[in-house]
Amino acid sequence: MAEKKSLIDKIQDLDPKIIYAILLVSLLIPYVRPLGLPIPISPETRAYWDYITHMPPGSVVAVQLASDPSTIPQTRSSHQITILRLFEQDCKVFFFTLRDDAPPLHEEMMKWVEAHLSAGKTITYGVNYVNIGYVADAEATIASLVADVKGLVEQDAYGNSLSSLPMMADINTGADFDLVVWNDGSRGIYMYALRQWREKLGTPLVIIAATINKPGIMNYIQSGQVAGGAFGVDGGAQIETISGYLGDAKKATEPGSLSALTLTILLLVSNTIYISKRFGKQPEIKGGEVK
Amino acid sequence: MALYKTQGPIVVAFLSALIVIVSNFVDAPGLGQLSTDVKSFGAIIAGFALFVGLLGIMQSHVNNVTKRKPLWQYSVLLVAVLVLFIAVGLAYGANSTQFLWIYDTIYGPLTATTYSLLAFWVCSAAYRAFKPRNLESGILVFTGLLTFFGIQPIASVISPIFYNIQSFIMSVPNIAGSRGIVIGIGLGVIGFGLRVLLGWDRSWMGAD
Amino acid sequence: MVGLISGKISDFVVLLIFWATLYFSIRTSMSGKLPNLRRLPAIDAIDEALGRAAEMGKTVLFTHGTGTLESSEAAGSLAAIAALPYVARKCAQLELKLFLPTGSHTAYTVLSEVARESYQLEGKPELFDQNNIQYLSNVARAYSAGVMSTLMTQNVGAAVFLGSYHHAGLMLVETANRVGALSVGGTDSTSQIPWFVAGCDYALIGEEIYALGAYLSKDPVSVGGLAGLDIIKALILAVITLGVVLYQVGIDLTGWFRV
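Chains as they are written, first to last, in numbering that gives the first Met the number 0: chain B, 0 to 290; chain V, 0 to 207; chain Y, 0 to 258.
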């Protein structure tokens with residue numbers, strides 16, 4: 000007859016379905032009762048925002064979008080608030096994407112930006128911004144873009160000749176840009192911009208990315224190769240806090256926070272049980288094995 | 000096998016890489032433009048890779064259906080949705096309301112759902128695996144918990160020390176460790192590049 | 000006027016030193032003087048996983064990750080594919096069904112050839128099934144879903160995850176664990192390494208996957224390259240140590256690397 004498991008053993012070998020149920024409850028609680036958590040601002044996000052807000056009028060900024068529908072909830076707020084701020088500062092923005100499924104997301108975010116421009120502020124396509132849409136996801140593409148922008152693409156995403164657009168009159172190579180804003184999503188292709196743009200031409204680079212890429216990108220922020228970064232929903236919430244623009248990121252951090260607390264408690268409980276079982280009793284030798 | 004099949008790709012790879020690498024270090028008349036042209040070729044070929052991938056998927060899954068391989072019904076669904084996307088995109092345009100409706104109704108939610116599973120997978124993986132079985136896993140558990148929890152706003156409410164600890168872990172040991180790994184991986188890529196350039200490694204051609 | 004670009008001269012010199020070291024190391028290996036590679040514990044882990052799958056009458060799954068052979072992630076994918084002959088031959092010896100899902104059309108051809116040849120070398124070509132090599136999708140999330148489906152429906156007892164993975168690593172590792180498969184994993188994707196370490200029964204970190212491929216294939220080029228990389232790493236370590244020590248006494252060497 001099988002031995003009955005004690006409660007302690009059951010907790011230690013908790014069925015994943017129970018873990019998921021507990022997690023689901025903790026994710027839903029903030030939607031029912033918002034917690035109103037404060038948002039601490041990290042140094043890298045502060046550095047990111049400071050760089051954006053210090054771009055002088057007339058600066059030319061390249062904005063790349065490599066998020067897809069799965070990672071855009073993490074990077075949307077940072078991305079669209081950045082674009083909005085750049086337009087408010089009369090910067091010129093050059094959009095492109097390395098993901099074939101990102102163009103609809105770009106259009107969606109541009110609608111948000113246009114709806115949130117300050118009163119009296121207008122942006123004109125071809126004058127204030129240009130969008131070349133999707134370009135092949137390869138480092139060679141960035142190398143080619145940096146070497147000769149109009150050589151890589153002759154038309155923008157809407158079929159207009161790039162040379163006919165007023166904004167593109169003085170933009171020929173990567174050196175004609177004053178900043179690169181690289182939304183990496185969770186792709187991990189920020190090295191393309193780092194190697195081909197930042198290191199070759201010295202063009203400053205800031206990164207928006209999903210939290211999963213933060214540890215890797217921190218290397219380059221610490222060395223000064225990347226000027227700043229906004230990571231995940233927390234980064235978006237921080238951008239919303241310091242910019243004063245409203246978005247969905249602040250609300251979205253609360254389920255994440257509570258679920259992190261839940262998981263931490265679960266881990267502490269299971270590890271406490273594990274340690275007490277491991278070091279609390281004398282080992283038995285059964286069948287030639289130490290138990 | 001014909002020489003152009005066995006040696007041709009190696010010669011092309013060698014010359015293309017040589018032009019780009021040399022142009023990075025040497026300033027010579029015409030070299031910059033040649034390098035730009037080679038990079039443009041690379042970008043164009045990369046664009047074709049998407050098309051080749053599409054053809055490959057079609058071929059593979061149509062084959063599944065015609066030969067009634069296991070789970071061929073899913074291949075029917077895949078091909079149907081693929082054709083739908085292409086047809087609507089060509090008929091109405093990639094920026095049209097119709098195309099965006101399919102994107103927002105089918106593609107977006109499916110992609111987001113797959114990624115959302117990660118949240119649950121992280122929990123069950125952490126619960127199962129984050130146990131201090133030995134010194135190394137104990138350090139992993141301890142630092143992982145501190146970093147994972149400290150990064151959340153709720154940790155700052157409980158005590159600001161969690162945020163500071165997390166910040167230290169991310170800024171010092173994390174960077175030290177990951178920098179070593181990144182250097183190693185980078186060197187591995189340089190080594191691989193040299194082997195491909197000199198034709199010593201031909202596995203990328205499909206040969207042994 | 001032809002000349003070296005200012006600011007890049009030191010980079011050029013360093014690259015030449017790296018190349019020279021690798022070149023001579025590989026040439027030495029190719030001339031028959033193969034450096035000694037210590038046996039990696041991962042090989043024992045693969046043997047154990049395959050043996051267990053054979054005992055339980057289960058199948059084996061091998062993936063090379065979400066990297067394609069045309070991208071900058073090719074190194075990781077090819078390192079994984081270098082380990083495939085060993086796994087495939089073991090599967091042939093133990094008469095195990097081997098599933099090879101891939102997200103790369105180019106890799107599909109390579110995997111087919113390698114697997115077919117491995118089964119032929121073991122004298123069991125009839126056990127090779129082309130249907131088990133599945134080209135799923137070049138979209139990473141669709142590929143992950145396909146591999147997860149294979150893990151859950153094909154009674155997988157041993158899973159080998161090697162190569163470059165993005166977010167997909169954890170999903171695959173956790174699904175393998177869920178179905179009770181023994182998993183051996185290794186990746187050069189820094190964001191996924193922690194999940195492989197936490198989730199796999201045995202994990203290789205970063206460049207260990209290049210070492211595994213070299214050890215299993217015994218290919219002089221790979222082995223020589225590995226030895227060359229070890230020499231370069233020793234050089235880098237020496238320079239870093241020297242630089243740090245000299246910096247403490249007020250001598251800054253960074254200018255030498257900006258010539």
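Even for Gly, the Cβ is constructed at its ideal location relative to N, Cα and C.
State buried or exposed for Lys-32(Y), treating a residue as buried only when at least 16 other CB atoms are found within 10 Å of its CB.
The residue labelled residue 32(Y) in the question sits at position 33 within the third sequence. Classification of Lys-32(Y): exposed, given that the 10 Å Cβ count is below 16.
Cβ of Ser-69(B) less than 8 Å from any chain Y Cβ?
Taking the first residue of the first sequence as 1, we reach residue 69(B) at position 70. Interface with chain Y (8 Å Cβ-Cβ cutoff): Ser-69(B) is included.
Residue-level contact to chain Y via CB, Leu-89(V), 8 Å cutoff
Walking along the second sequence from the start, residue 89(V) turns up at place 90. So no, Leu-89(V) is outside the interface.
Closer than 6 Å by C-beta to Lys-285(B): which residues in its own chain qualify, once you throw out the five before and the five after it? Chain order, please.
By one-based count along the first sequence, residue 285(B) stands at place 286. Because Lys-285(B) carries a pLDDT of 46, less than 50, the predicted location of this residue cannot be relied on, and the following value inherits that uncertainty. By the criterion of a C-beta distance shorter than 6 Å, Lys-285(B) is surrounded by no residue of its chain, once the five residues flanking it on both sides are discounted.
Taking DSSP as the reference, what is the three-state secondary structure of Asn-100(Y)?
The sequence position of residue 100(Y) within the third sequence is 101, counting from 1. It is worth fixing the name first, because residue 100(Y) is Pro in this sequence and not Asn. Pro-100(Y): strand per DSSP, three-state reduction.
Anticipated Cβ contact below 8 Å, Leu-83(Y) with Asn-131(Y), distance rounded
In the third sequence, counting from the first residue as 1, residue 83(Y) sits at position 84. In the third sequence, counting from the first residue as 1, residue 131(Y) sits at position 132. The C-beta separation of Leu-83(Y) from Asn-131(Y) comes to about 13 Å, leaving the pair out of contact by the 8 Å criterion.
Could you work out which residue in Thr-35(V), Tyr-114(V) and Cys-122(V) is closest to Phe-147(V) when comparing CA atoms only?
Numbered from 1 along the second sequence, position 148 holds the residue referred to as residue 147(V). The shortest Cα separation from Phe-147(V) among Thr-35(V), Tyr-114(V) and Cys-122(V) belongs to Cys-122(V).
Please state whether the Cβ-Cβ distance between Tyr-114(V) and Ser-69(B) is less than 8 Å.
Counting from one through the second sequence, the residue named residue 114(V) turns up at place 115. Counting from one through the first sequence, the residue named residue 69(B) turns up at place 70. A contact, by the Cβ cut-off of 8 Å.
Looking at C-alpha atoms only, which residue of Val-24(B), Tyr-47(B), Pro-15(B) and Ile-18(B) is the closest neighbour of Gln-297(B)?
The structure shown does not extend to residue 297(B), since chain B spans only 0 to 290, so no value can be given for it.
Quick check on DSSP: helix, strand or coil for Ile-131(B)?
On the first sequence, position 132 is the one that residue 131(B) refers to. Of the three classes helix, strand and coil, the one that applies to Ile-131(B) here is strand, per DSSP.
Cβ-based neighbour list, Gly-46(V), same chain, cut-off 6 Å, excluding 5 preceding and 5 following
For the purposes of this step, residue 46(V) is taken as the residue at position 47 of the second sequence. Spatial neighbours of Gly-46(V) in its own chain (CB-CB distance under 6 Å, excluding positions within 5 residues in sequence) are not present.
Residue-chain proximity (Ile-9(V), chain Y), Cβ-Cβ < 8 Å:
Here the question's residue 9(V) lines up with position 10 in the second sequence. Chain Y, which has no Cβ nearer than 8 Å to the Cβ of Ile-9(V), makes this no.
Counting beta carbon pairs with one atom in the segment 176-192 of chain B and one in the segment 60-80 of chain B, are three or more of them shorter than 8 Å?
Yes, they touch.
Using 8 Å for Cβ pairs, my map puts Ile-272(B) next to Ile-38(B). What's the rounded Cβ distance?
Here the question's residue 272(B) lines up with position 273 in the first sequence. Here the question's residue 38(B) lines up with position 39 in the first sequence. Rounded, the Cβ-Cβ distance is 34 Å, inconsistent with contact.
What residue from Asp-136(B), Leu-104(B), His-53(B) and Asp-100(B) has the CA that sits closest to Glu-87(B)'s CA?
To locate residue 87(B), count along the first sequence from 1; it is residue 88. The option with the nearest alpha carbon to Glu-87(B) is His-53(B).
Give me the chain Y residues within the contact set of Ala-118(V), using Cβ-Cβ distance strictly less than 8 Å, ordered along the chain.
The sequence position of residue 118(V) within the second sequence is 119, counting from 1. Using a Cβ-Cβ cut-off of 8 Å, Ala-118(V) is close to nothing in chain Y; its nearest Cβ partner there is about 10 Å away.
Along the chain, where does the beta strand (DSSP E) containing Asp-183(B) start, and where does it finish?
The residue you call residue 183(B) lines up with position 184 of the first sequence. Start and end: 178-184.
Under 7 Å, CB to CB, which of the residues in the segment 153-185 of chain Y have a partner in chain B?
When CB distances to chain B are screened at a threshold of 7 Å, the residues of the segment 153-185 of chain Y falling below it are His-165 and His-166, in chain order.
Complete runs of the beta strand (DSSP E) confined to the segment 191-225 of chain Y [at least 3 residues]:
With a minimum length of 3 residues, the continuous beta strand (DSSP E) runs that stay inside the segment 191-225 of chain Y are 201-204.
Pop quiz: Thr-261(B) and Leu-22(B) are said to be a contact at Cβ under 8 Å. What is the actual Cβ separation, rounded to whole angstroms?
Indexing the first sequence from 1 puts residue 261(B) at position 262. Indexing the first sequence from 1 puts residue 22(B) at position 23. Confirmed, about 6 Å.
Rounded straight-line distance, which links the Cα of Val-82(V) to that of Val-64(V):
Within the second sequence, residue 64(V) is the residue found at index 65, counting from 1. Within the second sequence, residue 82(V) is the residue found at index 83, counting from 1. Between the C-alpha atoms of Val-64(V) and Val-82(V) there is a straight-line separation of about 15 Å.
Who are the neighbours of Pro-37(B) on chain V, taking C-beta pairs under 7 Å?
Counted from its first residue, the first sequence places residue 37(B) at position 38. Correct list: Pro-152, Ser-155 and Val-156.
Counting Cβ pairs, one atom from each stretch, are 3 or more of them under 8 Å apart for the segment 70-90 of chain B and the segment 246-259 of chain B?
Touching, per the Cβ criterion.
Using a Cβ-Cβ cut-off of less than 7 Å, list which residues of the segment 142-156 of chain B approach chain V; keep chain order.
Residues Ala-142, Ser-143, Ala-146, Asp-147, Gly-150 and Leu-151.
Minimum length 4: unbroken alpha helix (DSSP H) runs contained in the segment 7-59 of chain V
Within the segment 7-59 of chain V, the complete alpha helix (DSSP H) segments at least 4 residues long are 7-24, listed from N- to C-terminus.
Nearest-angstrom beta carbon gap, Gln-221(B) and Arg-197(B) [assumed within contact, 8 Å]:
Locating residue 197(B) in the first sequence gives position 198, where the first residue counts as 1. Locating residue 221(B) in the first sequence gives position 222, where the first residue counts as 1. The distance from the Cβ of Arg-197(B) to that of Gln-221(B) is about 15 Å, inconsistent with a contact at the 8 Å cut-off.
Of the residues Ala-259(B), Pro-102(B) and Ile-211(B), the one placed nearest Gly-149(V), counting alpha carbons only:
Stepping through the second sequence from its first residue, residue 149(V) is reached at position 150. It is Ala-259(B).
Below 8 Å CB to CB, which residues in the same chain sit around Leu-193(B) once its five sequence neighbours on both sides are set aside?
Along the first sequence, read from residue 1 onward, the residue named residue 193(B) stands at position 194. Sequence-distant partners of Leu-193(B) (beyond 5 residues in either direction) whose C-beta falls short of 8 Å from its own C-beta, in its chain, are Leu-204, Tyr-219, Gln-224 and Val-225.
Report yes or no: is there a C-beta of chain B within less than 8 Å of the C-beta of Gly-41(V)?
Within the second sequence, numbered from 1, the residue matching residue 41(V) stands at position 42. For Gly-41(V), the answer is yes, since a Cβ of chain B falls inside 8 Å of its Cβ.
How long is the line joining the alpha carbons of Thr-142(V) and Ile-168(V), rounded to whole angstroms?
Working through the second sequence from its first residue, we reach residue 142(V) at position 143. Working through the second sequence from its first residue, we reach residue 168(V) at position 169. If you draw a straight line from the Cα of Thr-142(V) to the Cα of Ile-168(V), it comes to about 7 Å.
By Cβ distance, which residues of its chain are closer than 6 Å to Ser-188(Y), with the 5 residues on each side in sequence left out?
Locating residue 188(Y) in the third sequence gives position 189, counting from the first residue. Cβ contact annotation for Ser-188(Y) (same chain, cutoff 6 Å, sequence separation greater than five): Ser-163 and Tyr-164, in chain order.
Considering only C-alpha positions, which residue in the set Cys-90(B), Ile-82(B), Ser-163(B) and Thr-172(B) is nearest to Thr-140(B)?
Stepping through the first sequence from its first residue, residue 140(B) is reached at position 141. Among Cys-90(B), Ile-82(B), Ser-163(B) and Thr-172(B), the Cα nearest to that of Thr-140(B) is on Thr-172(B).
Since Tyr-85(Y) is in the alpha helix (DSSP H), which residue starts that stretch and which ends it?
For the purposes of this step, residue 85(Y) is taken as residue 86 along the third sequence, with counting starting at 1. Start and end: 73-92.
Would the beta-carbon of Phe-176(B) fall within 8 Å of that of Val-24(B)?
Taking the first residue of the first sequence as position 1, residue 176(B) is located at position 177. Taking the first residue of the first sequence as position 1, residue 24(B) is located at position 25. Taking 8 Å as the Cβ cut-off, Phe-176(B) and Val-24(B) do not qualify as a contacting pair.
Between the Cα of Pro-29(B) and the Cα atoms of Pro-254(B), Met-166(B) and Arg-277(B), which residue gives the shortest distance?
The residue given as residue 29(B) occupies position 30 in the first sequence. Closest in C-alpha terms to Pro-29(B), from the list Pro-254(B), Met-166(B) and Arg-277(B), comes Pro-254(B).
Should Thr-58(Y) be labelled buried (16 or more other beta-carbon atoms within 10 Å of its own) or exposed?
As a position in the third sequence, residue 58(Y) is number 59, starting the count at 1. Of the residues assessed, Thr-58(Y) falls on the buried side of the cut-off, its CB having 16 or more other CB atoms within 10 angstroms.
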